[in-house]
Amino acid sequence: MYPAKFDYYRAGSVGEAITLLGQNPDAKIIAGGHSLLPLMKLRLATPAALVDIGRIEELKAIWEENGGVMIGALATHDRIANSDAVKRVAPAVAEAAAHVGDQQVRNRGTIGGNIAHADPASDLPTVLLALDAEIVVQGPNGQRRIPAADFFVDLMTTSMQPDEVLTAVFVPPAPKSAYVKYAHPASGYAMVGACAALDMDGNTIRRARIAIGGATPTPRRLIGVEAGLVGQGLDFVSTVASSAGQGIDDWMGDIQASSEYRRAITPVFVERAINAAAGRA
Amino acid sequence: MATQMIGSSIKRVEDPRFIQGKGTYTDDIKLPGMAHAVFVRSPYAHAKITGIDTSAAQAMPGVVAIYTGQDTQADGVGSNPTGWLLPNLKVPPHPALAVDRVNYVGEPVAVIIADDPYIAHDAADAVHVDYDPLPVVAAPDKAMDGPTIHEEAPGNVAFDWSIGDQAQTDAAFANAAKVAKVHLINNRLIPNAMEPRSCVASPGPTGEVTLWLTSQNPHIHRLIIGAFVLNLPEQKFRVVAPDVGGGFGSKIFIYSDEIVVTWAAMKLGRAIKWTSTRREANMTDAHGRDHVTDAEMAFDANGKILGFRVNTIANLGAYPTLFAPAVPTYLYGTLMSGQYPIPAIYCHVTGVYTNTVPVDAYRGAGRPEATFVVERLVDLGAGELGMDPAELRRVNFVRPDQFPFQTQVALVYDSGNYEAALNRALERLNYADLRRQQEEGRQQGRYIGIGFSSAIEACGLAPSSVVGSLGAQAGQWESAIVRVHPTGKVTVQTGSHSHGQGHETTFAQIVADGLGVPIEDVAIQHGDTAQSPFGWGTYGSRSAAVGGSAVAVSVKKLQDKIKRIAAHLLEANVEDMEYADGKAFVRGAPGRVKTFGEVALMAHLAHQYPPDLEPGLEATTFFDPTNFTFPFCTHVAVVEVDANTGAVDVLRYLAVDDVGNLINPLIVDGQIHGGVVQGIGQALWEGAVYSEDGQLLTGTMMDYAVPKAAYLPMIETDQTVTPAPQNPLGVKGVGEIGAIAAPAAVVNAVVDALKPFGVTHLDMPVTSEKVYQAIHSQAQGA
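Protein chains in written order, with the numbering used here: chain A, -11 to 269; chain B, 17 to 798.
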């Protein structure tokens, strides 16, 4: 548990962080350190330098914007889980944040670090994909907003450039949204996680946004299930959810839960997520 | 009358120190000029070492020394011995550092000594070892057909052992009305003590060495490392086990790490520390269990067990470590009678070597494996017979009037009332109601299961003559010095060791009651060979029964001496003296009294003193009991299976245990809780998994699933009390019974829940995937 040697820089601003990244091509950004440090201690990651953005105050805020919620990259999972704004605007995000690790991890780990790491079993990427969130990043050429669907490229790989800093996440409103997961008994990560967001008219589903994670190298939107739910009542959820995962051919597996098993139980969790979302006020 | 301490649930006196982070663990020890060791470990499960290039590492600033197996061999560092010899046991050499061959992933190949641990790790990465990989065998049931690991053990067979009467057992099966059969795996476990192993060796100026070590038995470590491995005489070798954060068996054994660090410290004349990382711990701590078993149990038409046949292959890993040969034999086959008077038993065990880390004693050691086989088969028998599993147990129990009961597998159970524990459990569960709820649930698609485990344990490891006759290269008595100071304060030195058991509390309770002093006046010291008398340490639930008894006998000796001194001061006959509540008084004349304090002072002043009595007030005892102790229990797990996902939820866990008299019921409950949780962990989540090429797939906490509080119900405990007849405290030991009983209770419950799907057995860990598949394949077949 002794990392290899690395240089350490503390950035006082996002601009300074971008400059430091430009000057240190093998540098990694560190914030809460709860994804990167475990890999460094196992020497699976050996960055030449760390650029610490953990003390940049303006990245810690959470505020409502355009009916949605903007979550600063340095907001911790604990703050997100307990944020009234997040709970009101997009309860699935608060729910997923509350499922990350344990309390100590949630006290230190940040949303920015979590999604920039792009661990396939992580909870938040699934929710951000389902809710059509946008990832706000800043680089030498200014700011850009990346739709979540374009952000998670592959296992531990995002569409961010090496000299870009993730500054915030924008989540559009999704008051009827929920996240459920089946946690790996060792790691606590999702073996299957499912997020559903519904627009409803009485008991009729007008729009459904659904994603799964944990079971595939990147989170996936379930377009077929989404379409199948439109215009349906809740008594039809089970039937539609039973097709969840059809067409996916890159299920992941490990010694606790094989790819076949994850595929088999995915509809159960999708159904539970949809029903939980429908139950939201 | 002062408050009775024995039987009182006082809070542990050691806990404020631990809770506040004020304990002193081995890794907390920092010495001037201390260097740090890191081991280069084999990434291959089986390979020839064709070359080791240390030049790049050697050149790194801050590297003090690099040693390989050539160096330890050249210096005459001895083979790491096993402490338990079975007849015809094949014992291969076990070098501290591999010389020309590695036999498991994680086996140490070289050691780096450097000024700090970062440099040592960097240097370890820079050592280049050339390996020529060899074919690998990791699974016990494939070992006999695998590549030969040690020339000394053809076919990788370490031993072939049996107990019981084969012909008589075959005859019993010929007369059976029903036979239950199972092929089962007892899953391999990683001990996961909270504190990883660690050691600090510090050489003195004239050949003496102090070794701080995460040890459950510092005297054994001194004896074996000193006398058998490093040729270091005991009077110059001190082993200190300071605060130790759990062991579960894994800190009994002698590891290469402490051998090499002690040797290197002497060679360099410099203190050296080594502390295991969690990943190293998973790779190199001795694992537990790992059996593959075929067993069958024969019943008559009324459910009476007629015979029991067991054939087990037990994985010893790559080398036979300290207790390893005893675990799947004398601690396993001898328990095959369970709580039942089985008239014919035959148990055959083949111990095999594989390319995996050694397997040795882990909480329960052999007895959980035995209980799992017995209690699984009783449940399978209930299924065959169409009987309720509780009722089948009841008709078979050894009755109270049958004690002492001689089993067909060597042990003599001294006492017990097995039906009473079962009855207590059924009452507390409201069993008939629970079965009704189960039935109603099934109608609604809820699958609840009830699982029993009526377990027996032979523990309180002792007596010496018996373990000696079974091949132990050790005695199994325990020691205690109880020393009264001039002011009446008391220090106890015990050869037993606490690494979570709470000796500082329970042993003080024994002394406080016996001498009639406040518990605050009693200090318990353990873990330092320079301080405590020789003792065999803590494992096998022996601390209270053997170590505690040694304290109790010393206290009795002090009471006798106090009475003699007081009789002299009171000019009374010693035969007329009594001692109670800290006062020695003349029987029938309570006014003629001397307090403990007065006597303690006079024992040291010796001004007015019996002429034929030595001054001082201390007593030493080496207690060697006459038999094992036999705790027993009925545990019941109530689970619910989610048929959609296969997830198992433990709704209730009830443990009714008979561990004899209770010194501290709070600590007893804590031990039961901890043991049960480990047992539930084995049943549902845990499992050390090696790939076919011998790579450990559960090397980190991300992969190896230890039980988590959120997954567990509140554990309900209850007791029956049948005092142990063979020790003065009437205690039996409580450290292991939870881990022994729980796996069978949980698996029996899951199988019971799945009865509507026709499931009769599932191997541990019963993951949700296994349950899902069992439901799904049965549903498809139907």
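Positions of the beta carbon are idealized from the N, C-alpha and C atoms, including for glycine. Predicted, not measured: the structure shown is a model, and the values here were computed from it.
For B/S214, the enclosing beta strand (DSSP E) begins and ends at S214 to P219. The beta-carbon of B/Y669 is placed no less than 7 Å from the nearest beta-carbon of chain A. Under DSSP, A/M58 shares a beta bridge with A/W51 and A/F158. Within the region 760 to 775 of chain B, not one residue has a Cβ closer than 8 Å to any Cβ of chain A. At a cut-off of 7 Å, the C-beta of A/I200 has no neighbouring C-beta in chain B. Collapsing the DSSP output to three states places B/L713 in coil. Pairing B/G598 with B/G532 gives a Cβ-Cβ distance under 7 Å. The beta carbon of A/V256 sits closer than 7 Å to some beta carbon of chain B.
Residues are counted here when their Cβ sits less than 9 Å from a Cβ of chain B; for the region 22 to 44 of chain A these are P26, K29, L30 and R31, given in chain order.
Fewer than three Cβ pairs drawn from the region 280 to 287 of chain B and the region 338 to 353 of chain B lie within less than 8 Å of each other, which leaves the two stretches out of contact. Every unbroken stretch of the alpha helix (DSSP H) spanning 4 or more residues and falling wholly within the region 78 to 123 of chain B is given here in chain order: 85 to 90. With contacts defined as CB atoms closer than 7 Å, A/I262 and A/V225 qualify as a contacting pair.
Closest option to B/G162, judged by alpha-carbon separation, among B/T372, B/Y447, B/N643 and B/G265: B/T372. Taking the Cα positions, B/Y41 is about 27 Å away from B/P97. Scanning chain A for C-beta atoms nearer than 7 Å to the C-beta of B/N660 yields V256, reported in chain order.
The count of Cβ pairs closer than 8 Å, one atom from the region 429 to 436 of chain B and one from the region 634 to 647 of chain B, reaches three, so the stretches are in contact. In this structure the region 210 to 218 of chain B does not lie against the region 306 to 316 of chain B, because fewer than three pairs of beta carbons, one per stretch, are closer than 8 Å. Neighbourhood of B/Y134 in chain A, by CB distance below 7 Å: Y(-10), in chain order.
In the three-state reduction of the DSSP assignment, A/D14 falls in the coil class, being assigned neither a helical nor a strand state. Scanning its chain for C-beta atoms nearer than 8 Å, with the 5 sequence neighbours on each side dropped, one finds around B/R294 the residues P212, T716 and M717, in chain order. Taking the beta carbon of B/V373 as reference, no residue of chain A falls within 7 Å; the closest one sits roughly 17 Å away.
Contact annotation for A/S231 against chain B: no contact, minimum CB-CB distance about 16 Å [criterion: below 8 Å]. Only exposed fits B/P772, as fewer than 16 other CB atoms lie within 10 angstroms of its CB. Look at the region 706 to 733 of chain B: the residues with a C-beta under 8 Å from a C-beta of chain A are L713, T714, T716, M717, M718, D719, Y720, A721, V722, K724 and Y727. Residue contact with chain A for B/T230: absent (no Cβ-Cβ distance below 7 Å to any residue of chain A). Collapsing the DSSP output to three states places B/R410 in a helix. In this structure, B/N743 places its C-beta atom within 7 Å of the C-beta atom of B/A561. A check of alpha carbon separations from B/V389 across B/V775, B/A478 and B/A757 identifies B/A757 as the nearest.
In the DSSP assignment, A/R(-2) falls within the beta strand (DSSP E) that extends over D(-5) to R(-2). Chain order gives no chain A residues near B/W552, where near means a beta carbon separation below 9 Å; the closest approach is about 34 Å. Within chain A, Y(-10), A(-8) and K(-7) have C-beta atoms less than 9 Å from the C-beta of B/D138, given in sequence order. In this structure, the beta-carbon distance from A/R133 to A/V124 falls below 7 Å.
Boundaries around B/D734 are those of the beta strand (DSSP E), I731 to Q735, since no alpha helix (DSSP H) includes it. When the beta-carbon positions are compared, B/G504 and B/A582 stay at least 7 Å from each other. Exposure of B/P631 is indicated by the presence of fewer than 16 other C-beta atoms within 10 angstroms of its C-beta.
Near chain A, meaning a CB-to-CB distance below 8 Å, no residue of the region 201 to 217 of chain B qualifies.
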